[in-house]
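Note sheet for the following structure.
Protein chains: 2
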Amino acid sequence: MSQHSDPVTMPYRQRATLRDVAAMAGVSIKTVSRVVNGENGVAPAKVAAVTRAIRQLDYRPNVSASALRRANRRTAVIGMVLEDLANPFSSALLRAVEDAANERQLLIVAGSVDEDQERERTLVRAFSERRVDGLIIAPVGEDQGYLRAEVEAGTSLVFVDRLPQGIRADCVLSDNEGGARTAVHHLADSGHRHIAYLGDLRIIPTAQQRFAGYQHACLERSLPWTPANHVHDLHTVDDATAATERLLRSGDPPTALFASQNLVTIGAIAALQRLGLEDTVALVGFDDFPMADLLKPRVSVIAQDPSRIGRVAAEQLFQRLDGDDSAPRRTVLATTTIPRGSGEIPPARR
Amino acid sequence: MSQHSDPVTMPYRQRATLRDVAAMAGVSIKTVSRVVNGENGVAPAKVAAVTRAIRQLDYRPNVSASALRRANRRTAVIGMVLEDLANPFSSALLRAVEDAANERQLLIVAGSVDEDQERERTLVRAFSERRVDGLIIAPVGEDQGYLRAEVEAGTSLVFVDRLPQGIRADCVLSDNEGGARTAVHHLADSGHRHIAYLGDLRIIPTAQQRFAGYQHACLERSLPWTPANHVHDLHTVDDATAATERLLRSGDPPTALFASQNLVTIGAIAALQRLGLEDTVALVGFDDFPMADLLKPRVSVIAQDPSRIGRVAAEQLFQRLDGDDSAPRRTVLATTTIPRGSGEIPPARR
DNA sequence: CTGAAAGCGCTTACAG
DNA sequence: CTGAAAGCGCTTACAG
Numbered sequence: 001m002s003q004h005s006d007p008v009t010m011p012y013r014q015r016a017t018l019r020d021v022a023a024m025a026g027v028s029i030k031t032v033s034r035v036v037n038g039e040n041g042v043a044p045a046k047v048a049a050v051t052r053a054i055r056q057l058d059y060r061p062n063v064s065a066s067a068l069r070r071a072n073r074r075t076a077v078i079g080m081v082l083e084d085l086a087n088p089f090s091s092a093l094l095r096a097v098e099d100a101a102n103e104r105q106l107l108i109v110a111g112s113v114d115e116d117q118e119r120e121r122t123l124v125r126a127f128s129e130r131r132v133d134g135l136i137i138a139p140v141g142e143d144q145g146y147l148r149a150e151v152e153a154g155t156s157l158v159f160v161d162r163l164p165q166g167i168r169a170d171c172v173l174s175d176n177e178g179g180a181r182t183a184v185h186h187l188a189d190s191g192h193r194h195i196a197y198l199g200d201l202r203i204i205p206t207a208q209q210r211f212a213g214y215q216h217a218c219l220e221r222s223l224p225w226t227p228a229n230h231v232h233d234l235h236t237v238d239d240a241t242a243a244t245e246r247l248l249r250s251g252d253p254p255t256a257l258f259a260s261q262n263l264v265t266i267g268a269i270a271a272l273q274r275l276g277l278e279d280t281v282a283l284v285g286f287d288d289f290p291m292a293d294l295l296k297p298r299v300s301v302i303a304q305d306p307s308r309i310g311r312v313a314a315e316q317l318f319q320r321l322d323g324d325d326s327a328p329r330r331t332v333l334a335t336t337t338i339p340r341g342s343g344e345i346p347p348a349r350r
Numbered sequence: 001m002s003q004h005s006d007p008v009t010m011p012y013r014q015r016a017t018l019r020d021v022a023a024m025a026g027v028s029i030k031t032v033s034r035v036v037n038g039e040n041g042v043a044p045a046k047v048a049a050v051t052r053a054i055r056q057l058d059y060r061p062n063v064s065a066s067a068l069r070r071a072n073r074r075t076a077v078i079g080m081v082l083e084d085l086a087n088p089f090s091s092a093l094l095r096a097v098e099d100a101a102n103e104r105q106l107l108i109v110a111g112s113v114d115e116d117q118e119r120e121r122t123l124v125r126a127f128s129e130r131r132v133d134g135l136i137i138a139p140v141g142e143d144q145g146y147l148r149a150e151v152e153a154g155t156s157l158v159f160v161d162r163l164p165q166g167i168r169a170d171c172v173l174s175d176n177e178g179g180a181r182t183a184v185h186h187l188a189d190s191g192h193r194h195i196a197y198l199g200d201l202r203i204i205p206t207a208q209q210r211f212a213g214y215q216h217a218c219l220e221r222s223l224p225w226t227p228a229n230h231v232h233d234l235h236t237v238d239d240a241t242a243a244t245e246r247l248l249r250s251g252d253p254p255t256a257l258f259a260s261q262n263l264v265t266i267g268a269i270a271a272l273q274r275l276g277l278e279d280t281v282a283l284v285g286f287d288d289f290p291m292a293d294l295l296k297p298r299v300s301v302i303a304q305d306p307s308r309i310g311r312v313a314a315e316q317l318f319q320r321l322d323g324d325d326s327a328p329r330r331t332v333l334a335t336t337t338i339p340r341g342s343g344e345i346p347p348a349r350r
């Protein structure tokens, strides 16, 4: 293949530059720049000539080039590091931030970390090498101290969903402990005393907080503390289904389940259905999900509001971008209890 | 507030540049550049000195600056224009493209269009002004001709989910017509002759194709053509619920429903449950969804594979980035019929 | 109201 | 093996 016909080595067909526009309009590039940036103090006739040249040449300013030279260096891009762009919680966060970012003409680069610390760092570095103005991060891993370098370089930083470690920065998250407490209280109010805890990976701070809430509620209501009823490290639907089946088939099964996360709730439901116990064993899940209202029984949940978390985080980030350098703020959003049926099933005779 | 303490006007604390690294290592910036880019032909001692300086200064190359000067102008960023980053179909596409992009160290900027043509153009322009290397677009609106300028400027372009209009380019999508045909055949095979069509906005090409599939299947099986049973322009769950209720309460209700999209299926289920008809009226939905397997009855669907669409689109894009300039290719992926119960309910006596 | 010169952080195209 | 000069597309800091 000749050098000429190979699109890889062939130079791209030129896009019009300030120079080209200037030449066509018969002015200097500085004048074109003024028009492009809407600065005033340009003679109307020149504005007209430039505008026409821009249209004729289909000129697109190169935002990266201008950011490189501009005093504030802003790229108008923010980076989001999320657990998994395909999961509803992450994507609701992303979408909420997108909507907020739109008003400011900010673009979003985003990536998934899948609970992998290494990946978190890789993504942040990639974003940093593109000089994003700000970062919104759902942290994984035990130490976010490496992000101090970014902050010192002028990158704004807001965490979501989970508290960061090793760095003080803004964070917006749900009241995980309070929500879990409420769930257990809710079940206890229906008379349950044997309430199982079905939890996500213990290394996840959110999971820890939810377990703490469970624990406190058990103490508060003097429920028996039965470690056999505490299952941790469930990270997939299938994990949760298997664990729930095992639990319910054991010699001393719980009369109610608290599922500390979306996928775990779904897995628990699958297990209950398989054993025909969905109308016998009570269930409250942490996190709402689309079909909760159409299942039988309808599923009671402790709902977070990921859209709100995203919106609040975005607003927080924008304040920082606007120069707010007050002390880091932690915003804890209350959860909402939504009783739909499954959480109000009374204890079965044993 | 003094000029100095105002973070907006205050210059950002300097990040280390090639110059700084060169000064510390006692070499020219060209030598640092060689080390950073892994070019060989640098004396080992200098490589060591440079490497040490890079570490000490926590140097991060400015990828945008290098792209500006580099011959191929590649930014290593691709843009995705999707319907709604928060909906499962879009987010599955995004995630699949992300996974493919990771292998090539490409970053993704993404945005939602919400069925708004204006927004599609705005997003594309914003991406273009950042000089993305490629675009993956789920097109809305009637004309994608404006994208020719991007292609001529060297931007690779692949459409997903919907065929573009006004431009010839690669496209990866499901066999919408075939899938819809199969759905109706499936219901007809159980003896249904009065099958309602519940469809999304008619302006959406995908919806048109699904209606065409429905139509062909009706002809093929000589089913009565009853316009009263064709409901279009359902775009939300609530729309679909209301329309389905109306239909089932009419004088001559259908014995089976074909819901041409996710949210419509969910709305139809809500209506069936409300009327107590979920075990009486058959239902097949286009698009699978997470809980389909846990509802009662379990929901039969025609499944697309958004992950596969995303992966194939990404691979197609990468081939173009690698210089493939063969004729535009259209990839149509087959759908899968998943019978779970709701689609196998026989016609009720009328 | 306008523009020529310098420079953002980097790579290219050379020369040695 | 190494580096000085020019330049990517733009804005800054001036001068007129």
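Residue numbers (full-length UniProt numbering), protein chains in the order written: chain A, 1 to 350; chain B, 1 to 350. For each residue, glycine too, the CB sits at the ideal point set by N, CA and C. Everything numeric in this text was worked out from a predicted model, so none of it was measured.
Can you say whether residue i is buried or exposed, counting buried as having 16 or more other CB atoms within 10 angstroms of its CB?
{"i": "B:G166", "result": "exposed"}
{"i": "A:A243", "result": "buried"}
{"i": "B:G199", "result": "buried"}
{"i": "B:S91", "result": "buried"}
{"i": "B:L219", "result": "exposed"}
{"i": "A:S112", "result": "buried"}
{"i": "B:N262", "result": "buried"}
{"i": "A:S174", "result": "buried"}
{"i": "A:E120", "result": "buried"}
{"i": "B:E278", "result": "buried"}
{"i": "A:A282", "result": "buried"}
{"i": "B:D161", "result": "buried"}
{"i": "B:R125", "result": "exposed"}
Per the DSSP calculation, residue i is bridged to which residue(s)?
{"i": "B:S112", "result": "B:L82"}
{"i": "B:R330", "result": "B:C171"}
{"i": "A:H230", "result": "A:Y197"}
{"i": "residue 365 of chain B", "result": "Nothing about residue 365 of chain B can be read from this structure; chain B reaches only from 1 to 350."}
{"i": "B:T336", "result": "B:A303"}
Spatial neighbours of residue i within its chain, please: CB distance less than 8 angstroms, with the 5 preceding and 5 following residues excluded, ordered by chain position.
{"i": "B:V35", "result": "V42, K46, V47, V50, T51, I54"}
{"i": "B:S250", "result": "A228"}
{"i": "B:D133", "result": "R74, T75, A76, V77, I78, L106, T155, S156, L321"}
Would you say residue i faces chain B, with C-beta separation under 8 angstroms as the test?
{"i": "A:N62", "result": "yes"}
{"i": "A:I78", "result": "no"}
{"i": "A:S91", "result": "yes"}
{"i": "A:H4", "result": "With a pLDDT of only 31 at A:H4, under 50, the local geometry of the prediction cannot be trusted, and no value is derived from it."}
Would a check of beta-carbon distances place residue i closer than 8 angstroms to chain A?
{"i": "B:L135", "result": "no"}
{"i": "B:K296", "result": "yes"}
{"i": "B:L68", "result": "yes"}
{"i": "B:L107", "result": "yes"}
{"i": "B:R131", "result": "yes"}
{"i": "B:A243", "result": "no"}
{"i": "B:A153", "result": "yes"}
Short of 6 angstroms in beta carbon distance, which residues of its chain neighbour residue i, apart from the five on each side in sequence? Order them along the chain.
{"i": "B:E115", "result": "V140"}
{"i": "A:Q316", "result": "V158, D170"}
{"i": "B:T17", "result": "none"}
{"i": "B:I266", "result": "V237"}
{"i": "B:I338", "result": "V301, A303"}
Against residue i, what residues of chain A qualify as contacts under a CB-to-CB distance less than 8 angstroms, listed in chain order?
{"i": "B:S128", "result": "R60"}
{"i": "B:D84", "result": "R95"}
{"i": "B:I269", "result": "L294"}
{"i": "B:M291", "result": "I266, F289, P290, M291, L294, L295"}
Give the residues of chain A in contact with residue i, contact being defined as C-beta atoms less than 9 angstroms apart.
{"i": "residue 351 of chain B", "result": "Residue 351 of chain B cannot be examined here, being either before or after the span of chain B that is shown, 1 to 350."}
For a contact meaning CB atoms closer than 7 angstroms, what does residue i contact in chain B?
{"i": "A:S112", "result": "R95, E98"}
{"i": "A:A313", "result": "The contacting residues do not exist; A:A313 stays about 15 angstroms from chain B at best."}
{"i": "A:A149", "result": "D58"}
Going along chain A, which residues have a C-beta under 7 angstroms from residue i?
{"i": "B:A65", "result": "L68"}
{"i": "B:R15", "result": "A153"}
For residue i, which residues from the same chain have a beta carbon less than 7 angstroms from its beta carbon, with the 5 sequence-adjacent residues on both sides left out?
{"i": "A:I29", "result": "L18, R19, A22"}
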